[in-house]
Each structure stands twice: as C-alpha cells, then as structure tokens.
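So in our numbering, spot 4 of the sequence shown is number 4, and the numbers just go up one at a time.
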Amino acid sequence: MQPVRAGKQTPLRPVPDSIARPIWADGTSVERWDESNVKSADVIKKMRHAGREAADTLASLGTVIAPGVTTEEVDAFCHSESIRRDAYPSPLMYPGGSNPFPKSLCTSVNEVICHGIPDDRPLQDGDILNCDVTLYIDGVHGDTNATFYVGQVDPVSQRLVEVTRECTARGIAAAVPGAQINAIGRAIQDHAEDNGYGVIRDFVGHGIGEQFHTDLQVCHYFHPQLTDIIEVGMTFTVEPMISVGSWKAKMWSDGWTATTSDRSRTAQFEHTILITEDGPEILTTPSDPAGHPYWDLAGLGV
Ligand code: MF3
Ligand code: CO
Ligand code: CO
1 MQPVRAGKQT PLRPVPDSIA RPIWADGTSV ERWDESNVKS ADVIKKMRHA GREAADTLAS
61 LGTVIAPGVT TEEVDAFCHS ESIRRDAYPS PLMYPGGSNP FPKSLCTSVN EVICHGIPDD
121 RPLQDGDILN CDVTLYIDGV HGDTNATFYV GQVDPVSQRL VEVTRECTAR GIAAAVPGAQ
181 INAIGRAIQD HAEDNGYGVI RDFVGHGIGE QFHTDLQVCH YFHPQLTDII EVGMTFTVEP
241 MISVGSWKAK MWSDGWTATT SDRSRTAQFE HTILITEDGP EILTTPSDPA GHPYWDLAGL
301 GV
C-alpha cells in the first residue's frame with residue numbers, strides 16, 4: 001500500500017456563538033494552570049457527561065467510515081455531531097505543531113501514529129483509521145479514540161487492532177487506587193511485547209478535566225520514575241499506540257502528523273477514566289456499548 005501523504009485541507013469550519021469555547025478557539029495561546037489531579041464532585045459530574053457525549057460521537061463516526069470517503073468528510077460529520085450536542089470540538093485551533101490544529105477530529109491512517117489532519121485522501125479498502133474525538137462541554141473535556149477497519153482489512157492489521165484494544169483494557173485495569181502510575185505502562189508494555197509489538201514512547205496519556213492536557217503523564221511503557229500514586233478522584237486518559245514494527249516516530253513538517261519511522265502500521269484506543277474506590281471507571285463508554293464491539297471492554301479484564 002502507498003504511504004500516507006499530506007493532502008489538501010478545506011477552510012476552517014465555524015462553531016456557533018451559542019457554544020461555549022475553550023480559550024484557544026480564538027487563536028489565543030494556552031498557558032497551563034495548576035489543576036488538581038483529584039477532581040471535585042461537580043467536575044466529575046460534568047466529565048461523566050462530556051465523556052459520554054464524546055463516546056457517542058466517536059461511535060457515530062462508524063456510520064460514515066467506508067472506502068472512498070475522505071477523512072475530511074469524517075471530520076465534517078464529527079464537527080456537526082459535536083455542535084448538535086452543544087459541544088466545542090476540542091482539537092479545533094488547539095495550539096501546537098507548526099500552526100494550531102485546523103480540524104475538529106484527528107484522523108490517523110495506517111502508519112500514522114496520531115494527530116493526523118483530516119484532508120482529501122479517500123479512505124481505501126484495507127486501511128485502518130484511528131479517529132480521536134475530544135469534546136468540551138460545560139467547561140470540561142472528554143477524550144476518546146478508536147481504530148476502525150475500512151472495508152476488508154488483512155489479518156495482520158486485525159490482530160494489531162485487537163491486541164491494542166486488549167492493551168488499552170489491561171492498562172485501564174491496572175489503574176487502581178494506591179498503585180504507582182507506572183503500573184499502567186507496565187501492563188501495556190508486557191502485553192504488547194508478548195505479542196511481538198512495540199509501544200510508541202513519544203506520545204503519552206494525560207491528566208484531563210477543565211484542561212485538555214494537564215501535566216500528569218501516563219506512559220504506555222514501563223517508566224520506573226513515574227511513581228505518582230493513583231488516587232481516588234483522579235481523571236486521566238489511557239491511550240496506548242502500538243506498532244507492528246518500530247516504536248520510533250517521525251514528524252511531518254506540519255508539526256502534528258506522526259508516523260512510525262519504518263512506516264509499519266499502528267493502532268490506538270483511548271478512554272478517559274475516573275479512579276474510584278472500586279477501581280477505574282471508564283467515562284467514555286457510549287450509551288450503547290453493546291452495539292459497538294470496539295468499545296465493549298467486557299471480557300478483557302476491565
Ligand atoms: N486527543 C488527543 C489526545 O488524545 C490530542 C489531540 S490534540 C490535537 O490527547 F490538537 F491534535 F487535536
Ligand atoms: Co488524550
Ligand atoms: Co485523544
């Protein structure tokens with residue numbers, strides 16, 4: 001299959017004034033502020049809502065993903081679904097890269113690890129496509145992604161996607177109160193390497209809440225120095241990127257799109273989770289998980 005290349009982008013899509021916007025929406029740069037890792041009851045309540053809406057939006061993308069559809073069209077659908085839910089699509093104008101992120105969704109095809117920018121590339125039969133949705137509602141973010149099959153996908157890629165889903169589930173299951181945060185990466189790396197796969201290191205999970213990304217880092221490989229203790233009330237993402245080949249990343253000149261250095265395929269799944277006394281609670285479960293086998297982590301140890 002041909003390597004993925006940068007395509008043409010369409011102009012910025014407006015978000016109606018009636019929708020509350022994060023500070024970056026108007027091109028303002030973001031300074032991170034100190035945000036407690038442990039959230040208030042009020043923030044948690046809002047995050048349950050934002051998480052659910054993000055998950056339902058992600059699930060709905062499955063209805064448009066097909067061979068011949070461009071990633072731009074998937075983005076347009078995500079944009080209108082976000083607005084319909086009174087949400088601002090958090091990636092839109094988010095600072096970073098060579099320019100702010102110009103779209104409402106990240107679309108990462110085949111060897112693209114993450115942060116792919118939707119463009120005029122038509123999806124091809126046999127592609128794997130990660131869609132990463134983040135919604136901002138009531139002052140908080142919900143962040144979730146999944147890797148979709150486009151048409152008929154080869155068995156090697158199917159196994160990659162399936163093992164990545166298992167890695168995500170195992171990482172989440174390791175997020176129990178009292179454990180060190182590095183337990184998550186250990187669980188993920190063990191499972192990935194048992195299957196002969198590599199764990200991408202350049203991108204990590206993160207604390208999330210009133211900010212899209214807080215300074216709390218969640219590595220997906222074992223990083224012994226990450227000894228923060230997982231506490232009840234914390235909210236963060238688990239979002240491993242797993243490669244059939246090299247775990248090394250190369251960046252496009254757009255400053256966003258990252259591919260594997262050897263162009264091997266990668267997959268990713270992401271959930272926003274809340275730590276409760278009973279263990280992790282997934283905030284980004286869709287309303288009807290049974291209808292979406294990709295998101296149903298039942299039977300995978302969570
Ligand atoms: N949703 C991504 C994450 O999981 C971040 C995307 S930032 C963007 O952290 F600007 F590329 F959208
Ligand atoms: Co994230
Ligand atoms: Co994300």
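Ideal Cβ placement from N, Cα and C applies to all residues, glycine included.
Query                                                                                                                        : Result
Heavy atom of ligand 3 within 7 Å of Asp215 beta-carbon                                                                      : no
Proximity of Pro280 and Ile172 at Cβ, strictly below 8 Å                                                                     : yes
Integer Cβ distance of Glu72 from Asp119, believed to fall under 8 Å                                                         : 6 Å
The alpha helix (DSSP H) enclosing Asn182, as first and last residue numbers                                                 : Asn182 to Asp194
Buried versus exposed call for Ala6 [16 or more other C-beta atoms within 10 Å across all chains shown]                      : exposed
Identity of the residue in Leu274, Tyr197, Ile275 and Thr227 nearest Pro240 by Cα                                            : Tyr197
For Pro289, three-class secondary structure by DSSP                                                                          : helix
Distance CB(Glu322)-CB(Ile275) smaller than 8 Å                                                                              : This structure leaves residue 322 out entirely; the chain is present only between 1 and 302.
Heavy atom of ligand 1 within 7 Å of Glu162 beta-carbon                                                                      : no
Neighbourhood of ligand 2 [Cβ distance below 6 Å to any heavy atom], ordered by chain position                               : Asp143, His206, Thr237, Glu239 and Glu270
Cross-strand partners of Tyr197 (DSSP beta bridge)                                                                           : Paired residue(s): none; Tyr197 is not in a bridge.
Beta-carbon contacts of Lys250 that lie in its chain and below 6 Å, excluding the five residues immediately before and after : Thr259 and Ser261
Supposed contact pair His220 and Gly185 - C-beta distance, whole angstroms, cut 8 Å                                          : 5 Å
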